[in-house]
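Each residue of the sequence shown is one higher than the one before, counting from 1 in UniProt numbering. Yeah, the Cβ is synthetic: ideal placement off N, Cα and C, and Gly gets one too. Computed from a prediction, not measured in an experiment: that's the story for all the values here.
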Amino acid sequence: MPPDPPAAGTPRPRHHSPLAPGPTLRDVAALAGVSTGTVSNVLNRPETVRETTRTRVEKAIAEVGFVRSAGTTREAAHWRRSGHAQWIFTPAATGWYPKKAPAEAHPVPVTGGPFPGAPVRGRNASGRAEACWVPIKDRLPRHGLRHGHRTLMEELGTPKVLMDERMGHEDGSVGARYSHVTDSMRATLMEQLTEVWHASLADRLALHPRSPVPVLDRLLQEFAQAA
1 MPPDPPAAGT PRPRHHSPLA PGPTLRDVAA LAGVSTGTVS NVLNRPETVR
51 ETTRTRVEKA IAEVGFVRSA GTTREAAHWR RSGHAQWIFT PAATGWYPKK
101 APAEAHPVPV TGGPFPGAPV RGRNASGRAE ACWVPIKDRL PRHGLRHGHR
151 TLMEELGTPK VLMDERMGHE DGSVGARYSH VTDSMRATLM EQLTEVWHAS
201 LADRLALHPR SPVPVLDRLL QEFAQAA
């Protein structure tokens, strides 16, 4: 016998999966000033999109925190939406907290020591602070670090196939099908990045031998002892 029909007023069951929360392709497209089809091409066929447009879309993806649906088995190449960019990364890079009602944008109030000072939080933070940070790189977004890392690898002569793998990019060209990452490629890149890392520690050590950040302080002391 067929099942009884649903009672009047009973909502029909949904036959589609609920949408994952968070920003959508439409949000990315609106921010980048392109169509959703262009955003899709950047995600799936980046080689078909002009570099200037692709860069603009990738920046929008990072700014809104867009990630692909949870059904994918791959990790997203970009950060998820969080307060990290607004309240940690941006203040550290620019020296300013962003505007958030009712407070206007303002310099990060910090203690005078130990170098480079620690942010002062809580009531009357600006009145209790002894200094404020100056910009390291004004208007630097988190996505700018990806551009910087890619540029560094190009300067190091890293093979494109390894750069794409490391950046989470896909190259759908015919030529890319015949290019493969090898263990020796990875080993060479790791050696080069280790040299860059040691150089950055040396530069930081020249500024000041200690840091209020425990992990960096330990690294600086170990590096100084080994030098």
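Exposed or buried, residue i, counting other C-beta atoms within 10 Å across all chains shown (16 or more means buried)?
| i | result |
| --- | --- |
| residue 63 | buried |
| residue 72 | Model confidence at residue 72 stands at a pLDDT of 42, short of 50, so the residue's coordinates are unreliable; what they give is reported in the following sentence. Exposed, because fewer than 16 other Cβ atoms sit within 10 Å of the Cβ of residue 72. |
| residue 58 | buried |
| residue 226 | exposed |
| residue 168 | exposed |
| residue 110 | buried |
| residue 115 | exposed |
| residue 211 | buried |
| residue 52 | exposed |
| residue 196 | exposed |
| residue 215 | exposed |
| residue 146 | buried |
| residue 90 | buried |
| residue 213 | exposed |
With a CB to CB cut of under 7 Å and the five nearest residues on each side skipped, what residues in its chain are close to residue i?
| i | result |
| --- | --- |
| residue 55 | none |
| residue 47 | 171, 172 and 173 |
| residue 31 | 60, 63 and 64 |
| residue 131 | 110, 112 and 117 |
| residue 34 | 53 and 57 |
Report the CB separation of residue i from residue j in whole angstroms; it is logged as a contact under 8 Å.
| i | j | result |
| --- | --- | --- |
| residue 241 | residue 158 | Residue 241 falls outside the range modelled here, since the chain spans only 1 to 227, and no answer is possible. |
| residue 137 | residue 93 | 5 Å |
| residue 209 | residue 220 | 6 Å |
| residue 102 | residue 86 | The Cβ separation is near 16 Å, so there is no contact. |
| residue 205 | residue 224 | 6 Å |
| residue 95 | residue 133 | 4 Å |
Return the first residue and the last residue of the alpha helix (DSSP H) that residue i is part of.
| i | result |
| --- | --- |
| residue 143 | 143-155 |
| residue 218 | 214-226 |
| residue 198 | 183-207 |
| residue 40 | 36-44 |
| residue 138 | First-last for residue 138: undefined, no H or E at that position. |
| residue 94 | 90-94 |
| residue 160 | 160-167 |
| residue 27 | 25-32 |
| residue 211 | No alpha helix (DSSP H) contains residue 211, which DSSP labels as neither H nor E. |
| residue 55 | 51-64 |
| residue 126 | 125-128 |
Excluding the 5 residues preceding and the 5 following residue i in the sequence, name in chain order all residues of the same chain whose CB lies nearer than 6 Å to its CB.
| i | result |
| --- | --- |
| residue 143 | 59 and 62 |
| residue 162 | 181 and 185 |
| residue 156 | 192 |
| residue 201 | 223 |
| residue 217 | 210 and 211 |
| residue 39 | 25, 28, 29 and 57 |
| residue 153 | 163 |
| residue 66 | 23 and 28 |
Which same chain residues end up closer than 8 Å to residue i when comparing Cβ atoms and leaving out the 5 residues on each side of it in sequence?
| i | result |
| --- | --- |
| residue 129 | 109, 110, 111 and 120 |
| residue 41 | 48 and 49 |
Review point. Hey, is the stretch 173-182 in contact with the stretch 118-132, meaning 3+ C-beta pairs nearer than 8 Å?
Key: No contact exists between the stretch 173-182 and the stretch 118-132.
**Study point:** Sufficient close CB pairs (3 or more, under 8 Å) joining the stretch 21-37 to the stretch 101-117
**Key:** Flag = no, the stretch 21-37 and the stretch 101-117 do not touch.
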